[in-house]
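A.B. asks:
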Amino acid sequence: MAQRGTDPLTRRAKADILIETTASQLKDMLHEAARELDPFPFFMGSLLIQGIEAEPGGPAKAEHGCVVVCPDGELYEYIYSVMVGGLYPEPFRKEEAKKLDLSPQDYIPYAYNALCQITKLLLERQQSS
Numbered sequence: 169m170a171q172r173g174t175d176p177l178t179r180r181a182k183a184d185i186l187i188e189t190t191a192s193q194l195k196d197m198l199h200e201a202a203r204e205l206d207p208f209p210f211f212m213g214s215l216l217i218q219g220i221e222a223e224p225g226g227p228a229k230a231e232h233g234c235v236v237v238c239p240d241g242e243l244y245e246y247i248y249s250v251m252v253g254g255l256y257p258e259p260f261r262k263e264e265a266k267k268l269d270l271s272p273q274d275y276i277p278y279a280y281n282a283l284c285q286i287t288k289l290l291l292e293r294q295q296s297s
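Each residue of the sequence shown is one higher than the one before, starting from 169 at the first, in my numbering.
Encoded structure:
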């Protein structure tokens, strides 16, 4: 008879702790990197929102739109809409950034990609100066 390994619930609890610790450490690193990136770029032609796309590669979840990291090091959903008609003859552009509250499992890929993008910009700035 095979010897039993670690209790499945104990293993799962350890995995949860690892995920939470990793997410917390990434959050600290992302905040630090965002503070270093000054001036922080505006997002894709935006006149209002400073942000860098944080979308991870691979399958994306449909519940979030475009995810960006902003100068405070937090992740936001970038919401862009154009309204036509009403009082103004020209289309009205509306932009907003809605702060995301992600689980540690969802936070890690976005935070890692955001950190990579900020690092890339910081290195480019170092090389050009």
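A virtual CB, placed ideally from N, CA and C, is assigned to each residue, including glycine. These numbers come from a predicted model, not from an experiment.
Suppose you measure from the CA of residue 283 to the CA of residue 253; what does that come to, to the nearest Å?
C.D. replies: Using only the alpha carbons, I get a separation of about 40 Å.
A.B. asks: Starting from the N-terminal side, write out each stretch of the alpha helix (DSSP H) that is 4 residues or longer and does not extend beyond the region 238–297.
C.D. replies: DSSP runs (the alpha helix (DSSP H)) wholly in the region 238–297: 272–296.
A.B. asks: Can you check which of these residues, 295, 296 and 277, is closest to residue 192 by C-alpha distance?
C.D. replies: Answer by Cα proximity: 277.
A.B. asks: Is residue 221 helix, strand or coil when you go by DSSP?
C.D. replies: It is a strand residue.
A.B. asks: Which value, in whole angstroms, describes the spacing of the CA atoms of residue 250 and residue 263?
C.D. replies: Near 9 Å, if we compare the C-alpha coordinates of residue 263 and residue 250.
A.B. asks: Using a Cβ distance threshold of 8 Å, determine whether the region 201–221 contacts the region 169–189, with at least three qualifying pairs required.
C.D. replies: No: the two stretches stay apart, fewer than three of their Cβ pairs being nearer than 8 Å.
A.B. asks: With residue 174 as the anchor, note down where its alpha helix (DSSP H) starts and where it stops.
C.D. replies: Here residue 174 belongs to no alpha helix (DSSP H), and DSSP marks it neither H nor E.
A.B. asks: Quick check: the Cα distance between residue 181 and residue 271, rounded to an integer number of angstroms?
C.D. replies: Computed Cα separation, rounded: 15 Å.
A.B. asks: Which residues does DSSP pair with residue 208 in a beta bridge?
C.D. replies: In the DSSP output, where bridge partners are listed per residue, residue 208 has none listed.
A.B. asks: For residue 260, which option in 267, 248 and 269 has the closest C-alpha, if you only look at C-alpha atoms?
C.D. replies: The option with the nearest alpha carbon to residue 260 is 248.
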